[in-house]
Ligand SMILES: [Zn+2]
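Residue numbers (the numbering used here): 1404 to 1724.
So, in structure tokens, the structure goes:
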């Protein structure tokens, strides 16, 4: 029996797929950062997939109704292409591959299972964008730390009545097929045996709530990221471009440079302040004049801190004021 397994471990998510159901030797095995599958699904251009999905549906329908083997082979070839687009789409490939190979052996086409599978294909062009909208809404109302706060449990319980969302655009949870098994040496974990793409989305969203994981938009790339570490994190850990530093590393460097330049501004200001303060004692300046100057100097420093005034201009102002 084919399977599409999914489970979480630490800050990672794991996917294992096998069309023949060979436990322990999956044909596809993938490891991703926690929540990456859901967030990349959210960014997928579903419109682009529609023509392919329609062709697969047509070919599969011809296979079922007319026993057109060539149409079946074409559908499988296109499903093979489609699965490259997203890890969730791999499920379609293993499930349909399993059915396709059994059709040759048992010749029992036209069963309830066939009709269900055909319906599933037919509905995907409208379901995929619908799931995207529902996920987006769930992020906004439940998981977004800047909008919904730091407690997803609180927000989730506020937004659902029994198993129904109060907001009609919010994700609808269903029972999902969870098992429990050893996933790495010395550790067992719940494992999802996905029956559909919706199962995987469901498992991701409920896991965030259970684990208290919030999300935020990255200050650099604008993509959502899960806050699996510090809740104050503002940058994601994805590379800015393939093979390059991550948004977080870049953000840290920018902050470091800003701090360095802030320090320089403070240094020149402090130096001039001390110099003029000493003038009071020497009788070169009155208290009142000194404080009037220092007030003006603080104004200029503020301009410099905000970037409205360059360090050179600020230094010149200090010298000539
Ligand atoms: Zn980023």
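For glycine and all other residues, C-beta sits at the position ideal for the given N, C-alpha and C.
- Within the chosen limit of 7 Å, ligand 1 reaches the beta carbon of residue 1626 through at least one heavy atom.
- Boundaries of the alpha helix (DSSP H) harbouring residue 1670: 1650 to 1684, taken from the DSSP string.
- Beta-carbon to beta-carbon, residue 1624 and residue 1650 are separated by about 5 Å, close enough to satisfy the 8 Å threshold.
- Within the same chain, and ignoring the five residues on either side of residue 1463 in sequence, the residues whose Cβ sits closer than 8 Å to its Cβ are 1474, 1475, 1478, 1499, 1520, 1521 and 1524.
- If you check the C-beta of residue 1547 against ligand 1, you find no heavy atom less than 7 Å away.
- Contact between residue 1410 and residue 1592 holds: CB atoms are separated by about 5 Å, below the 8 Å threshold.
- Of all alpha-carbon atoms in 1405, 1493 and 1470, the one lying nearest the alpha-carbon of residue 1424 is that of 1405.
- Under the DSSP assignment, residue 1454 falls in the alpha helix (DSSP H) whose first and last residues are 1449 to 1469.
- In this structure, DSSP gives residue 1613 a helical state, which the three-state scheme calls helix.
- For residue 1618, there is no enclosing alpha helix (DSSP H); the enclosing beta strand (DSSP E) covers residues 1618 to 1620.
- For residue 1708, the CB contacts under 8 Å within the same chain, skipping 5 residues up- and downstream, are 1665 and 1668 in chain order.
- The three-state secondary structure of residue 1571, taken from DSSP, is coil.
- Inclusion of residue 1600 and residue 1496 in the CB contact set at 8 Å is not warranted, their separation being larger than that value.
- Taking the CA atoms as reference points, residue 1569 sits about 12 Å from residue 1545.
- For residue 1446, there is no enclosing alpha helix (DSSP H), since its DSSP letter is neither H nor E.
- In the three-state reduction of the DSSP assignment, residue 1404 falls in the coil class.
- Residue 1641 has its Cβ nearer than 7 Å to a heavy atom of ligand 1.
- Looking only at 1536, 1641, 1684 and 1711, the smallest Cα-Cα distance to residue 1571 is reached by 1536.
- Between residue 1482 and residue 1713, the alpha-carbon positions lie close to 58 Å from each other.
- Beta-bridge partners of residue 1547 (DSSP): 1618.
- Residue 1485 and residue 1408 have their C-alpha atoms roughly 19 Å apart.
- In the structure shown, the three-state DSSP call for residue 1699 is helix.
- Taking 8 Å as the cut-off, the beta carbon of residue 1512 is found closer than this to the beta carbon of residue 1467.
- Not one heavy atom of ligand 1 lies closer than 7 Å to the C-beta of residue 1591.
- Scanning its chain for C-beta atoms nearer than 7 Å, with the 5 sequence neighbours on each side dropped, one finds around residue 1501 the residues 1405 and 1422, in chain order.
- Counting only runs of 4 or more residues that sit fully inside the stretch 1462 to 1523, the alpha helix (DSSP H) segments are 1472 to 1485 and 1493 to 1509, in chain order.
- DSSP places residue 1576 in the coil class of the three-state scheme, outside both helix and strand.
- Straight-line spacing of the CA atoms in residue 1449 and residue 1703 works out to 52 Å.
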